[in-house]
Amino acid sequence: MSASAGTGVFLLSLMSIPICYLFNSLIYSNSAEAFFFAWCTTVLILAISARFMLKKKAPVDPLFYVYAVHAFLSVVNLIIGLEQDNIIDGFVTFYLKEADPHVNTAHGHMISYWDGCVHYLMYLLMIAAITWGDNYRAIGLYWVGSFLMRAMVYILGNAVGKYGTHVGPLFILHLLYISVSVWACFRIFCQPSARDVELSDIEEAHRAGLLRRPVDLVFIIYLIPALAFCVFRGLVVLDCSSKWCQDYTQQYEPYLKDPSAYPKVQMLVSMLYSGPYYIITLYGLLVPGCDWMPDLTLVHSGALAQAQFSHIGASLHTRTPFSYRVPVDSQPVFLLVNVLYMLVPQALCYRCCTQPAFFLRTAPEKKNE
């Protein structure tokens, strides 16, 4: 397949910049000439991008078109984040004034940046893989975890937080976007896995004890305090009366009590999702043949990366009320703990995906023989 289709998607995503500026100017000008000019420019931009995308054979995979639209919207989200922080001006001013108030929270800022940078990169990588006929299941599963975490926290936070009564038509459109994305998640799960490991390597990995796998031993030691930390923060947001919980909230993470409810939902989702994951992963690192481990670590590492990025950024962002920000004296400890809590699962995911022999089963190969 020609690379022109992927090039067209990249150009289409960049065209969101002039389109946002034109329509923002159109709304403020209220003139027929400006409307006609903006409409003609938009049609021309989309026509040129479509010509690049469909110049030769059109991609068969329907996810190509889903990711093309998502890439376009990711750049829009990046523009929203930059304008919220006054880095640029005049691109989405009207939208920020009329949009649901959730967008202007610190958490809304962070997911705008995450979607505009990390998700955008993943969309381009998956589009390139589709264009060249390569397997993109690993990147797709990482995106699945990241997207589902973002969607769960954002929807539930909007529903139970202080802005729960301000849900408008744009939120309904956001639900449509999420519905299409969930369908894409199921499509990715149904794709075949591409792991080519020799049977002899699998058998040798199965014979290796835990002491002969020092990296896995380090991960097992990490998982125990990670589970405790995950449950502890869940208890904190549930208003546990323990002195430890109250002191932790006051000294290290007052953002957990923010009335927007995003941090509370974030910690509850993490406790209910990451807690069982840590227990299952302990089993997978001890018992050979758990072939679900690489996929599970991909989904979880994507989810935790998104969650921790949003949580760390919102805890320090100026949009968060001062009383709920991390105290200056506690910031080194806060950053050390939360960054490690985010990075170690990424290392575990890398280990499981690059050296999967221990987690693969030998039974199918023996039957074929």
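Residue numbers (UniProt numbering): 1 to 369. Think of the CB as a built atom: it goes at the ideal place given N, C-alpha and C, for glycine as much as any other residue.
Item checked: Contact between the stretch 324-344 and the stretch 209-229 (3+ Cβ pairs under 8 Å) -> yes
Check: Based on Cα-Cα distance, which residue from 134, 246 and 204 lies nearest to residue 194?
Finding: Position 194 of the sequence shown, counting from 1, holds the residue named residue 194. Checked all of 134, 246 and 204; the closest Cα to residue 194 is 134.
Checklist line | 4-residue-minimum alpha helix (DSSP H) runs that sit fully inside the stretch 158-222, ordered along the chain | finding: 169-189 and 199-207
Check: DSSP three-state call for residue 261: helix, strand or coil?
Finding: Numbered from 1 along the sequence shown, position 261 holds the residue referred to as residue 261. Coil, per DSSP.
Next item on the list: Would you kindly check if the distance between the Cβ of residue 253 and the Cβ of residue 334 is under 8 Å?
Entry: As a position in the sequence shown, residue 334 is number 334, starting the count at 1. As a position in the sequence shown, residue 253 is number 253, starting the count at 1. Closer than 8 Å, so yes.
Note to self: Going by DSSP in three states, residue 355 sits in which element: helix, strand or coil?
What the structure shows: Counting from one through the sequence shown, the residue named residue 355 turns up at place 355. Reduced to three states, the DSSP call for residue 355 is coil.
Note to self: Buried or exposed, going by whether 16 or more other CB atoms sit within 10 Å of the CB of residue 159?
What the structure shows: The residue given as residue 159 occupies position 159 in the sequence shown. So residue 159 counts as exposed.
Check: Should the stretch 290-304 be called in touch with the stretch 271-279, which here means at least 3 C-beta pairs below 8 Å?
Finding: yes
Checklist line | Option in 337, 289 and 322 with minimal Cα separation from residue 202 | finding: Position 202 of the sequence shown holds residue 202. The option with the nearest alpha carbon to residue 202 is 289.
Next item on the list: Throw me the rounded Cβ distance for the residue 255 and residue 350 pair, which I believe falls under 8 Å.
Entry: Within the sequence shown, numbered from 1, the residue matching residue 255 stands at position 255. Within the sequence shown, numbered from 1, the residue matching residue 350 stands at position 350. That belief does not hold up - the Cβ atoms of residue 255 and residue 350 are roughly 29 Å apart, past 8 Å.
Check: Can residue 94 and residue 24 be called in contact, C-beta distance under 8 Å?
Finding: Residue mapping note: residue 94 aligns to position 94 of the sequence shown, counting from 1. Residue mapping note: residue 24 aligns to position 24 of the sequence shown, counting from 1. Their beta carbons are under 8 Å apart, which means residue 94 touches residue 24 by this criterion.
Margin query: Distance check for residue 86 and residue 196, CA to CA, integer angstroms please.
Written below: By 1-based counting over the sequence shown, the position of residue 196 is 196. By 1-based counting over the sequence shown, the position of residue 86 is 86. Cα-Cα distance, rounded: 49 Å.
Notebook entry, point to check: With respect to the alpha helix (DSSP H) encompassing residue 77, which residues constitute its N-terminal and C-terminal limits?
Noted result: Numbered from 1 along the sequence shown, position 77 holds the residue referred to as residue 77. Run containing residue 77: 63-84, per the alpha helix (DSSP H) assignment.
Margin query: If the criterion is Cβ atoms closer than 8 Å, does the pair residue 181 and residue 116 meet it?
Written below: Locating residue 181 in the sequence shown gives position 181, where the first residue counts as 1. Locating residue 116 in the sequence shown gives position 116, where the first residue counts as 1. Not a contact, by the Cβ cut-off of 8 Å.
Next item on the list: With DSSP as the reference, label residue 15 as helix, strand or coil.
Entry: Walking along the sequence shown from the start, residue 15 turns up at place 15. Looking at residue 15 - three-state DSSP - the assignment turns out to be coil, as it is neither helix nor strand.
Notebook entry, point to check: Helix, strand or coil: which one does DSSP assign to residue 415?
Noted result: This structure does not reach residue 415, given that the chain is present from 1 up to 369, and the question cannot be answered.
Notebook entry, point to check: Would you say residue 236 and residue 249 are within 8 Å of each other, going by their C-beta atoms?
Noted result: Here residue 236 refers to the residue found at position 236 when the sequence shown is read from its first residue. Here residue 249 refers to the residue found at position 249 when the sequence shown is read from its first residue. Against a cut-off of 8 Å, the Cβ pair of residue 249 and residue 236 comes out as a contact.
Note to self: Give me, in chain order, the residues of the same chain whose beta-carbon lies closer than 7 Å to that of residue 320; leave out the 5 immediate sequence neighbours on both sides.
What the structure shows: Taking the sequence shown and counting its residues from 1, one reaches residue 320 at position 320. Once the five neighbours on either side are set aside, the close Cβ partners of residue 320 are 106, 255, 258 and 314.
Next item on the list: Below 6 Å CB to CB, which residues in the same chain sit around residue 32 once its five sequence neighbours on both sides are set aside?
Entry: As a position in the sequence shown, residue 32 is number 32, starting the count at 1. Bear in mind that a pLDDT of 48 at residue 32, under 50, signals an unreliable position, so the number given afterwards is only what the model happens to contain. Taken in chain order, the list of residues that qualify is empty.
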